[in-house]
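The structure under discussion appears below in the form of structure tokens.
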Amino acid sequence: MNLSSMLAERTAAGRPVRVGLIGAGKFGSMILAQAKCIPGYHVAAIADLDLGKTRAALARVGWPEERVAAASIGAALDDGTTHLTEDAGAVCTAEGIDCVIEATGHPTAGIRHALAAIEAGKHVVMVNVEADVLCGPLLAARAKEKGVVYSMAYGDQPAAICELVDWVHACGFELVAAGKGMNFAPPYRYSTPDTVWGFFGWSAEEVAKGDFNPKMYNSFTDGTKAAIEMAAVANATGLDCPEDGLAFHPSGLQDLAEVFKPEAEGGRLPKAGIVDIAASREPDGRVVLNNIQYGMFVTFRAPDAYTRACFQQYGLLTDKSGWYGSMWRPFHLIGLETSVSVLSACLRGEPTGTSGRYHADAVATAKADFPAGTMLDGEGGFTVWAKAIPAARSVALNALPIGLAHHARLKRPVARDQIVSFEDVELVDDLDIVAMRRDQVAMLDGGP
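Take the sequence shown: its letters are residues 5 to 452, numbered as in the working numbering.
Encoded structure:
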């Protein structure tokens, strides 16, 4: 990699990389923590609906007040400071900003912000995986038409998985599976914002001391975030989602190559070429030995006996046969690493993962039996969890994406674990995004 040297050359020439950030929550705060440490990496504008929290976040990560005193984006660009605003649209269209980072976590708002930035000729780094899995393939196509980069955010797990997948292909191995670790056991599926802290083992006092969003943490707990991220990886890599959703196979580091290979070869996958999760807990809740809860992995097969022998000679973690190996990355540092995506887009014109096809979906699935009239509350809530399935199945079911399952009223009853369809709900908001989804269906691999 040579991004740092490329940035140094550009900075010496008086052309810093100029960035606009939308969303100053936890991920955005981590982005800002490192931005101040990178010469030539200028966050010229930060947009958030709560500027009080934004200022508190900046203070927490060590930004001096005078650095965020610019009266306008133009003034910030002129003097190297930062402008704070509630107007995300202004950040998306401001002349002089090279790249917009979308970190709101709100799927429909994220899509609108990305569209505006792309139309204004700016690169987009989409931290907002919820938006990416909802309309990412369409956004990527629009960006390509405009000659800009639409990228996943490095430091988040999907981009790291895409990097591992690319490594497998670039080395000439046979890709078998890709995924991530996660703290999950079957009972977690029906967690709600009221019960979520028990799964983390945190007391009410500990929660009260932190700035924790129960819906966000519940999305991680009930498997929704995993479905969203794995569907995004499938759209970026061409790997398949399992037909009926992720299986969450318990597996430690030493067992990855044994577990994540086809059933026909003694593994647990229905076939080669899929995404799934290495759960860090057994179904009864026991912690898996050497689990990779914070990591990402790929499994792959040696193409011939010579390569298989090399796997053994150089200590690669393999299955018992020696034909299947695994590679992993133990940690991801989310926003602390996102500058890699920005610099890759601005200096190389390359994404760190992008949803190049509509191949998979994350669809709303009922957490319980609900009568007609129930209002769905979306990701991490009380009513639905997300299931990652092939896009062809989603289209056949006319399934409701998890990103549109907030503020949607049921027109008829649904049963627990039933995939919710568009016919099941009344949608009154986000109709522009619904129309975009119809456009995306035309991108389905192999046709609708």
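In this text, a Cβ means the ideal position worked out from N, Cα and C, and glycines have one as well.
Within a Cβ cutoff of 8 Å, which residues of the same chain sit near residue i, ignoring the five residues on either side of it in sequence?
i: G385; result: T196, P197, K219, N222, H410
i: F177; result: F304, R305, A306, P307, T311, G329
i: A261; result: T303, L321, T322, D323, Y328, G329, S330
i: A94; result: A49, A51, I77
Over what stretch of residues does the beta strand (DSSP E) that includes residue i continue unbroken?
i: L380; result: 379 to 381
i: T89; result: 87 to 89
i: E209; result: Run containing E209: none in the beta strand (DSSP E); it sits in the alpha helix (DSSP H), 208 to 213.
i: A412; result: 410 to 414
i: L431; result: Neither: L431 is in no beta strand (DSSP E) and is coded neither H nor E.
i: A306; result: Per DSSP, A306 belongs to no beta strand (DSSP E) and is neither H nor E.
Just how far apart, CA to CA, sit residue i and residue j?
i: P287; j: G382; result: 26 Å
i: G205; j: V211; result: 10 Å
i: H336; j: A80; result: 31 Å
i: P452; j: K371; result: Low per-residue confidence applies at P452: pLDDT is 38, beneath 50, and the placement is therefore not dependable enough to give any value.
i: D280; j: A182; result: 7 Å
i: V237; j: S207; result: 34 Å
i: T228; j: A368; result: 9 Å
i: P274; j: G151; result: 39 Å
i: A1; j: E341; result: In this structure the chain extends from 5 to 452, so residue 1 is not present and cannot be described.
i: L321; j: E106; result: 37 Å
i: G109; j: A276; result: 32 Å
i: A439; j: V424; result: 18 Å
i: L119; j: A189; result: 37 Å
i: D428; j: N217; result: 29 Å
i: D436; j: E123; result: 16 Å
i: K4; j: E69; result: Here the chain has residues from 5 to 452 only, and residue 4 is not among them.
i: S398; j: G78; result: 45 Å
i: E90; j: K30; result: 17 Å
i: D83; j: A75; result: 11 Å
i: A400; j: P417; result: 20 Å
i: G114; j: T387; result: 23 Å
i: E99; j: P43; result: 21 Å
i: Q161; j: A145; result: 22 Å
i: L11; j: G18; result: 11 Å
i: R64; j: C166; result: 32 Å
i: L101; j: S33; result: Note on residue identity: the sequence assigns Ile, not Leu, to residue 101. Using only the alpha carbons, I get a separation of about 19 Å.
i: G242; j: A92; result: 32 Å
i: G249; j: D226; result: 13 Å
i: K126; j: L88; result: 19 Å
i: F426; j: V129; result: 29 Å
Sorted by chain position, which residues of the same chain lie with C-beta nearer than 7 Å to residue i's C-beta, five sequence neighbours on each side aside?
i: V47; result: V23, L25, L36, A39, T86
i: V263; result: H253, S255, G271, R272
i: A235; result: V137, C245, A364, D365, A366, A392
i: R71; result: T85, T86
i: A73; result: T85
i: G185; result: A282, S284, N295, I296, Q297, Y298, G299
i: C350; result: V21, D102, C103, H127
Tell me where the alpha helix (DSSP H) around residue i begins and ends.
i: T112; result: 111 to 123
i: P218; result: 218 to 225
i: H173; result: 161 to 175
i: I278; result: Per DSSP, I278 belongs to no alpha helix (DSSP H); it is in the beta strand (DSSP E), 278 to 283.
i: S255; result: Looking at the DSSP string, S255 is not in any alpha helix (DSSP H), and its letter there is neither H nor E.
i: T15; result: 7 to 16
i: K150; result: 133 to 150
i: L320; result: From DSSP, L320 is part of no alpha helix (DSSP H); its letter is neither H nor E.
i: L81; result: 77 to 83
i: A92; result: 92 to 97
i: M34; result: 30 to 39
i: G202; result: 200 to 204
Which residues in the same chain as residue i place their Cβ atom closer than 6 Å to its Cβ, once the five residues preceding and following it in sequence are excluded?
i: S348; result: E354, T356
i: A28; result: I50, D52, T58, A61
i: T378; result: L414
i: V344; result: Y158
i: A419; result: D373
Return the bridge partner residues of residue i from the DSSP annotation.
i: R457; result: Residue 457 is absent from the model: the chain starts at 5 and stops at 452.
i: G24; result: A49, V104
i: H127; result: C103
i: K391; result: V367
i: D244; result: I278
i: M156; result: M130
i: V342; result: The sequence given here places Thr at residue 342; Val does not occur at that position. Bridge partners of T342: none, in fact.
Q) Between the region 287 to 301 and the region 199 to 210, do three or more beta carbon pairs fall short of 8 Å? A) no
(Q) Check whether the region 133 to 142 and the region 400 to 407 touch, using three or more Cβ-Cβ pairs below 8 Å as the test. (A) yes
(Q) Three Cβ pairs or more, each shorter than 8 Å: is that satisfied between the region 356 to 367 and the region 151 to 162? (A) yes
Q) For the region 186 to 193 against the region 137 to 146, are there 3 or more C-beta pairs whose distance is under 8 Å? A) no
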